[in-house]
Amino acid sequence: MDAPAETVFRSLVERAADALLLLDPEGRIAYANPAAEDLFGLPGRDLVGENFGGLATSEQTSEIYIPNPRRGLVAASIRRASIELAGEPCVALYLRDVTERVREAERLRQFAVVFDAISEGVMITTPDTAIVAVNRAFTNITGYTQDEVLGRTPEFLRSEAHDAEFYNEIGRVLKREGQWHGELRKRRKDGEIYLELLSINAVRRDDGELIYYAYVFADVTSVHTLRHRAEHDPLTEVFNRYAFQERLEEEMRRAKRYGGAFSLIMFDLDHFKAVNDGYGHDVGDEVLRRVASLAGEELRDGDLLARWGGEEFMILLPETDPESARLVAERIRARIARTDLEGAPRVTVSLGIAGSIAGEPHEELIRRVDRALYQAKEAGRNRGIVAPEAAKPAPGE
Amino acid sequence: MTSICLRLYLAGVTVTAERAIRNLRQIAAELQEKGHSVDVEVIDILERPQLAEDERILATPVVIKKLPPPLRRIVGDLSEHEKVLIGLDLKGG
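For the record, the sequence lines run as chains A and B.
Residue 1 is where the first sequence starts when you use my numbering, and the numbers rise one by one after that.
Residue 398 is where the second sequence starts when you use my numbering, and the numbers rise one by one after that.
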């Protein structure tokens, strides 16, 4: 090699980002470029003359670890070439710092273990909702394997419980806020409907561009069933007395804080004992179920119907004055009075109505609505009576 | 019959390190079949950094033949058994 060419090659080697070591046939370092000094954390004079040794490593995985005194352990990929320099055989080693890549791979391995070990289902989609990854719990919950879902959009999990507008709204919230949380009913592969508690989060690149949506969900069907059982009357499927009292207390707190008012309707089947005695308890039960269902159909969103006891029902009407409550009560009375019940006699109900008074304890409110109901019975049944605001003793009391 | 002493230096549990251990055990078994007595010691330099400095370890995994002389070292996952044996000067026996 002539002198100018050697100068050029030397400067190329010295500026290379990859580390270069030249070894003599015994494995001693004859030359180390500046990148090699960085990689080993040693000045060239400490490297030259050191015994690096031979290299025996497979082609595809040729990673070595270097105890760098300044940086700690660094990982490097290594490649070897036999060359001849000035007529002497020697070995060139090319080393590239892959510490970051190795660390990244280790982190990914950790995440992969967690991904498949957690009990929540995970689904990753592209921005146009094509599925790119699901975990083991996804398969356990939905019944679909990864191969069956990759590349598809998750619409096959939808049940008829929610309409297209419901999903459009989720899409709009995601676009606007980057996340969505909620409960929804989904369909497993075997057709069974399950209740899912779902969080969706947008995954963005550093520059803000949306790259994925991450869905994390739990099957809460059994939790929901337990909660439902604890709060509902098994015969009529409306709320039970315990759940009603909880909601009532909540509503009283809300009314106290925001100064609103609410109303209660308490109603009772007229002559129910005659139904039970004349037609049997099975028919009596069916009448209770039908009456609860008819009353429920006359309620507005947010009203809450509960079975209070035997043939007694209670309705909580949030943000409703007694006059509006009276209209609701009248609708219920009329609906029940005009409806033929299959295999059972027509029945009527009597209703008491009471509006909340600021500062009144809930026991007192219930006493007033109970008294109004009693008065409706006394006045001839099949009617509703609004309790006066100041509690007056009922006739005969 | 020769008494062979090999020391394998590693830096923590990595895929490469595990492969090097497996390869060295196979190589040792091959040597034992030929009637040599082989002593293999595995040392983690993260646990014993002073040893790494004393031995002037530049890169791991590295196997050093302490006995018989001459001292030889081979870097890598040791997957090429032939090269390891030649490099450690153990081919002849």
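Glycine included, C-beta positions come from ideal geometry on N, C-alpha and C.
Since we're looking at a predicted model, the values are computed, not measured.
Would you call residue i buried or exposed, if buried means 16 or more other Cβ atoms sit within 10 Å of its Cβ?
i, result
"Asn-135 (chain A)", "buried"
"Gly-396 (chain A)", "Caution applies to Gly-396 (chain A), whose pLDDT of 46 falls short of 50 and renders its modelled position unreliable; the value that the coordinates give is listed next. Exposed, because fewer than 16 other Cβ atoms sit within 10 Å of the Cβ of Gly-396 (chain A)."
"Lys-392 (chain A)", "Only weak support exists for where Lys-392 (chain A) lies, its pLDDT of 49 falling under 50; the value from the coordinates is given anyway. Under this definition Lys-392 (chain A) is an exposed residue."
"Gly-259 (chain A)", "exposed"
"Ala-334 (chain A)", "exposed"
"Gly-54 (chain A)", "buried"
"Leu-108 (chain A)", "exposed"
"Leu-365 (chain A)", "buried"
"Thr-223 (chain A)", "First, the residue type needs correcting, since residue 223 (chain A) is Val and not Thr in the sequence shown. That one is exposed."
"Ile-78 (chain A)", "buried"
"Ile-193 (chain A)", "exposed"
"Glu-311 (chain A)", "buried"
"Asn-420 (chain B)", "buried"
"Lys-488 (chain B)", "exposed"
"Arg-10 (chain A)", "exposed"
"Phe-52 (chain A)", "buried"
"Glu-389 (chain A)", "exposed"
"Gly-72 (chain A)", "exposed"
"Arg-445 (chain B)", "exposed"
"Pro-4 (chain A)", "exposed"
"Asp-268 (chain A)", "buried"
Within this structure, are the beta carbons of residue i and residue j separated by less than 7 Å?
i, j, result
"Ala-387 (chain A)", "Ala-376 (chain A)", "no"
"Ala-76 (chain A)", "Ile-66 (chain A)", "yes"
"Leu-317 (chain A)", "Asp-303 (chain A)", "yes"
"Ser-350 (chain A)", "Asp-277 (chain A)", "no"
"Val-459 (chain B)", "Val-439 (chain B)", "no"
"Ala-354 (chain A)", "Leu-264 (chain A)", "yes"
"Ile-485 (chain B)", "Lys-463 (chain B)", "Here residue 485 (chain B) is Leu; the residue named in the question, Ile, does not match the sequence. Contact: no."
"Thr-153 (chain A)", "Ala-130 (chain A)", "yes"
"Arg-96 (chain A)", "Asp-18 (chain A)", "yes"
"Val-8 (chain A)", "Ile-29 (chain A)", "no"
"Thr-348 (chain A)", "Ala-337 (chain A)", "yes"
"Tyr-406 (chain B)", "Ile-483 (chain B)", "no"
"Leu-475 (chain B)", "Ala-425 (chain B)", "no"
"Tyr-94 (chain A)", "Leu-20 (chain A)", "yes"
"Tyr-14 (chain A)", "Asn-33 (chain A)", "Rather than Tyr, the amino acid found at residue 14 (chain A) in this sequence is Glu. Yes."
"Arg-241 (chain A)", "Trp-308 (chain A)", "yes"
"Ala-117 (chain A)", "Leu-22 (chain A)", "no"
"Thr-413 (chain B)", "Glu-63 (chain A)", "yes"
"Phe-262 (chain A)", "Ser-356 (chain A)", "yes"
"Lys-189 (chain A)", "Tyr-144 (chain A)", "yes"
"Gly-44 (chain A)", "Pro-69 (chain A)", "no"
"Met-314 (chain A)", "Met-266 (chain A)", "yes"
"Leu-226 (chain A)", "Lys-186 (chain A)", "no"
"Ala-105 (chain A)", "Glu-120 (chain A)", "no"
"Val-435 (chain B)", "Leu-428 (chain B)", "yes"
Whole-angstrom Cβ separation of residue i and residue j, contact assumed at under 8 Å?
i, j, result
"Leu-198 (chain A)", "Arg-204 (chain A)", "Going by Cβ atoms, the distance from Leu-198 (chain A) to Arg-204 (chain A) rounds to 20 Å, so no, they are not a contact pair."
"Val-275 (chain A)", "Val-291 (chain A)", "10 Å between Cβ atoms; not a contact."
"Ala-306 (chain A)", "Gly-384 (chain A)", "So it is not a contact: roughly 18 Å between Cβ atoms."
"Leu-443 (chain B)", "Gly-409 (chain B)", "5 Å"
"Cys-90 (chain A)", "Asp-46 (chain A)", "About 20 Å; that fails the 8 Å criterion."
"Ile-401 (chain B)", "Pro-465 (chain B)", "7 Å"
"Ile-332 (chain A)", "Glu-298 (chain A)", "5 Å"
"Val-220 (chain A)", "Leu-195 (chain A)", "5 Å"
"His-232 (chain A)", "Phe-239 (chain A)", "6 Å"
"Val-122 (chain A)", "Ala-214 (chain A)", "7 Å"
"Thr-236 (chain A)", "Arg-300 (chain A)", "Contact doesn't hold; Cβ gap of about 19 Å is too wide."
"Tyr-212 (chain A)", "Ile-124 (chain A)", "5 Å"
Could you name the residues of chain B that residue i contacts, counting a contact when the two beta carbons are closer than 9 Å?
i, result
"Ser-62 (chain A)", "Thr-413, Gly-473 and Asp-474"
"Pro-67 (chain A)", "Ala-408, Ile-442, Leu-443, Pro-446, Ala-449, Glu-450, Ile-454, Leu-455, Ala-456 and Thr-457"
Note down, in chain order, every chain A residue with its Cβ under 9 Å from the Cβ of residue i.
i, result
"Arg-516 (chain B)", "With chain B covering only 398 through 490, there is no way to say anything about residue 516 (chain B)."
"Arg-470 (chain B)", "Gly-27, Asn-51, Phe-52, Gly-53 and Gly-54"
What in chain A is Cβ-close to residue i, meaning under 7 Å?
i, result
"Val-481 (chain B)", "Ala-56"
"Gly-484 (chain B)", "Gly-54 and Ala-56"
Item checked: Residues, ordered as in the chain, of the region 33 to 57 of chain A that lie near chain B by beta-carbon distance below 9 Å -> Phe-40, Leu-42, Leu-47, Glu-50, Asn-51, Phe-52, Gly-53, Gly-54, Leu-55, Ala-56 and Thr-57
Checklist line | Residues of the region 442 to 458 of chain B with Cβ closer than 8 Å to any Cβ of chain A, in chain order | finding: Ile-442, Leu-443, Pro-446, Ala-449, Arg-453, Ile-454, Leu-455, Ala-456, Thr-457 and Pro-458
Margin query: Under 7 Å, CB to CB, which of the residues in the region 69 to 92 of chain A have a partner in chain B?
Written below: Leu-73
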